[in-house]
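If you count by the working numbering, then the sequence shown holds residues -2 to 726, one letter each, in order.
Notes for the one structure printed next.
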Amino acid sequence: MIAAPPSKPSASRERWLLFGLAALLCATGVFYGYAATRHAAVSDEAVFGRAALAILDGDWSLSHYRVMKPPIVYYLQAAARAVLGDSAFAGRLPGILATLGCLALVFRIGRRWFDAWTGLLAAALLAVSPFAFEYMPVGRTDAVMLFFVLLSVDFLGAGRLGWAGLAYGLAFCTKQQSAFSFPLVMALALLVEAERPAGDGSWPRRIRRVVWTFFKGTLPALAVLLLWSIGEKIPFAWLVNELQNKKYSEGAHLTWTYGRKLAHWLGGLGDFFAYWPLALFAAAAVALVLFSLPRRRAKTWYSRPASAILAIFVCLFVLAHGLRFFTLYLRFLVPLLPWVFLLTAWLPVAAARRWKTAVPAVALLAAAGLLVSGYGLYRDFEAWDRPWPEDDVPRAVRWITTAAPTGAILYTREFGPEVAYANWRTAVESRQLHGQLEKLGEVAAERVGREQFLLLSAADDAAWRDQLQSTLAPLFELQPVAAAGLATARLYRLAMRPGTGVQGEEIAYLDYRELKREPFTCEVLGRLLRQALAGGAADDFRVGFEWQVCEATAQPVILAWQATDFPVGRMRALRAAFYYDTPRVDWAALALPRRWRVDGAREARAEFVISGAELAGYAGRKNKNLDELKMTFEPEGVRITARAKFGPWRIPVSIRGSLALSGNRVLYEPDQARIASVGMPSFLLAYASRLMNPVLEIDLFAWGLRPAGLRLLAAPANALVLVTQGIPE
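What follows is the structure in structure tokens.
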């Protein structure tokens, strides 16, 4: 243990320390910069990249994007892309710069709370850590969050509580997980306060002053976060979406025992180092600190109490993450990286100061540890530097954009975020099957008439190719696309087999995976149309169908019918009347997946009648915080009544407004609202409007129709009439 505070380094030694830090930052920056250019955006990187592109496209507040994290990283990545252009490197640049900032701050914190050599050695260990390389200099939130936490601790050491609070507030505005570092930051803040003169008041008063000053510092960042969160389509979506994520309620972590999870996290701590002997050395450092709790020797020397605080924090952090709620993502250990490395570095430096004759041996041990860990990082980088299937996603999207300029669908099993990022501003639609490739035939059949492609990794291709051929039969066959020039992934076109649809006076259609051929009559056409209106379900006998005019030919002149009780979007229509003059019908789409598709008509129109109860049910499903929701159509407008759930209470709510048509959406525009008989201010009206809208969203493009107007039917009908007309050619 260190018996006394070390003397201040001489000027020449200080220059060598700063030179070593500068060399470390330069070498690490070059390595991280090269690594950032090797692969396309992956998983969460693609999610953040898509949000950054949305910002650059004009959605400045991300009010139309499903956010999962607080906003700082979104805007940092948008700024990088605005300067450097859209690329995976631009998305990773904030993480690289934040990681380099973490190295510098670890050095500063180590020098202030321990000594300069501890800080430099800890920064070097962080730079060569394979774990840090995997999770920090990437396009995620972890490195930026950790940078602000370290900046907060650095401000604490300088006695600048307000600035420390601001830095911590920025950490929380980057990632919610920064909340787990709050006990550590507060403990270090109180340690600094303990070194102040005792005449500053009693301890309760001093604690209140520390907490209040720190809290005041966080207010600017938290106020901006509050305003940004209120402006989202779903207020506080970064918190709501995270807590409602199925990974917490359905993950494998729920089946693990506490001991098994604890072993998992301890194994993750071992991954901080390249080899287990180094990890055991770090564990010994933590244990040694815990068994020799601090005694302050000088008012400006923090190493002993600081090391105890860090060691206790590391242990409690790991023990807490063994609880049932926490998932198994190893990146959750990122907040421990600097503290584990500071403790690991402090042990040999303290030994060298205690036993002067051991300095060469300790220096040799530290150098050997760095070399061993660096070699482990090199081995990991060799494996990491090989081609990834995700690297082929942008190439596949570019090829499809050229081959199908009018639009296409790209199916994947595991590349959903990557495709959604790569297809920005293209006509390529992304559809991820989430491991359920056996459903590809069913899903593809619903989109007959569009170009469809499938992208698989080499492993998935070998495992699924034969099964997919049988799954897609008899509608489709897989055609390999060699021209795309992919390195490891496989791209297939879903080609439709010939011989379906109307041929002469017969129609060939699919019936329970069996291809049937029958005379093309109004009875057969009506049966297929009824199934199409039922969403392809042959056994939905609630749907009523009646012909008004029928011509069962390949090129009919007039088709007109009425239907009742059929699904429209996410609700059911009471009834509707359809009329087509000389429609160009996609008979293959009707014969195979039971989809009514009209590519154009001389004249087309339809009227859909949807009950107020159905609209209210849809609005209630969207707004889980409302019970007993009812929608009533009155001469003066539309009235909505409900009970808002607020803890154990159910508060009556009454809103009056009107309906307006905006493209394919029906919007509710409230002009008056009361909560428990108290008028609602205008900003809450706008908030309620964002929560409830759209009350109806319906895409009739495939039917050759577009919404054209609305009519309201008051009681006793209490229904909405949606008037549609043909799409101009």
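Glycine included, each C-beta is placed from N, C-alpha and C at the ideal position.
Query - Proximal residues to residue 633 (C-beta, below 8 Å), its chain only, five neighbours per side dropped - result: 653
Requested in this report: Could you say if the stretch 167 to 187 and the stretch 305 to 318 meet the contact criterion of at least three C-beta pairs nearer than 8 Å?
Outcome: yes
Query - Three-state secondary structure assigned by DSSP to residue 716 - result: strand
Query raised in the report: Roughly how many whole angstroms lie between the Cα atoms of residue 573 and residue 620?
Result: 28 Å
Query - residue 227 beta carbon less than 8 Å from that of residue 167 - result: no
Query raised in the report: Is it buried or exposed for residue 10, if we count other Cβ within 10 angstroms and need 16 for buried?
Result: exposed
**Report entry** Which residues DSSP lists as bridging residue 629, in chain order
**Finding:** 636
**Report entry** Helix, strand or coil at residue 509 according to DSSP, with G and I counted as helix
**Finding:** coil
Query raised in the report: Around the Cβ of residue 513, are there at least 16 other Cβ atoms within 10 angstroms (buried) or fewer (exposed)?
Result: exposed
Query raised in the report: Terminal residues of the continuous alpha helix (DSSP H) containing residue 130?
Result: 127 to 132
**Report entry** Distance between residue 475 and residue 523 (C-alpha atoms, nearest Å)
**Finding:** 32 Å
Query - Beta-carbon contacts of residue 543 that lie in its chain and below 7 Å, excluding the five residues immediately before and after - result: 558, 559
Query raised in the report: When burial is assigned at 16 or more other CB atoms within 10 Å of the CB, is residue 528 buried or exposed?
Result: buried
Query raised in the report: Between residue 338 and residue 145, what straight-line distance do the alpha-carbon atoms span, to the nearest angstrom?
Result: 18 Å
**Report entry** Beta-carbon spacing of residue 104, residue 120 below 8 Å
**Finding:** yes
Query - residue 174 versus 391, 721, 328, 631, residue with shortest Cα-Cα distance - result: 328
Query raised in the report: Starting from residue 226 and walking both ways along the beta strand (DSSP E), at which residues does that stretch end?
Result: Counting along the chain, residue 226 falls outside any beta strand (DSSP E), though it belongs to the alpha helix (DSSP H) covering 200 to 227.
Query raised in the report: Where residue 267 and residue 461 are concerned, what is the direct C-alpha to C-alpha distance, given to the nearest angstrom?
Result: 36 Å
Query raised in the report: Using the C-alpha atoms, what's the distance from residue 688 back to residue 541?
Result: 34 Å
Query - For residue 501, the three-state DSSP class (helix, strand or coil) - result: coil
Query raised in the report: Among 96, 44, 60, 16, which has the Cα closest to the Cα of residue 30?
Result: 96
Query raised in the report: Once you ignore the five residues that flank residue 469 on each side, which residues in its own chain have a CB closer than 6 Å to its CB?
Result: 438
Report task. Measure the CB-CB distance between residue 161 and residue 111 and report whether it falls below 8 Å. Result -> no
Report task. Inspect the beta-carbon positions of residue 124 and residue 21 and report whether they are closer than 8 Å. Result -> yes
Requested in this report: Ignore the nearest five residues each way along the sequence and tell me which others in residue 318's own chain have a CB closer than 6 Å to its CB.
Outcome: 262
Requested in this report: Return the Cβ separation of residue 109 and residue 41 in integer angstroms, given the expectation that the two are a contact with Cβ distance under 8 Å.
Outcome: Going by Cβ atoms, the distance from residue 109 to residue 41 rounds to 33 Å, so no, they are not a contact pair.
**Report entry** residue 655 to residue 670 span [Cα, whole Å]
**Finding:** 12 Å
**Report entry** Nonlocal neighbours in the same chain, by C-beta distance under 7 Å from residue 251, ignoring five residues either side
**Finding:** 321
**Report entry** Sub-8 Å separation of residue 393 and residue 374 beta-carbons
**Finding:** no
Query - residue 334 in three-state terms, based on DSSP - result: helix
Query - Segment contact, 8 Å Cβ cut-off, at least three pairs: the stretch 239 to 254 with the stretch 77 to 95 - result: no
Report task. Count the other CB atoms, across all protein chains shown, that sit within 10 Å of the CB of residue 172; report buried if there are 16 or more and exposed otherwise. Result -> buried
**Report entry** Any 3 or more C-beta pairs closer than 8 Å across the stretch 480 to 500 and the stretch 385 to 404
**Finding:** yes
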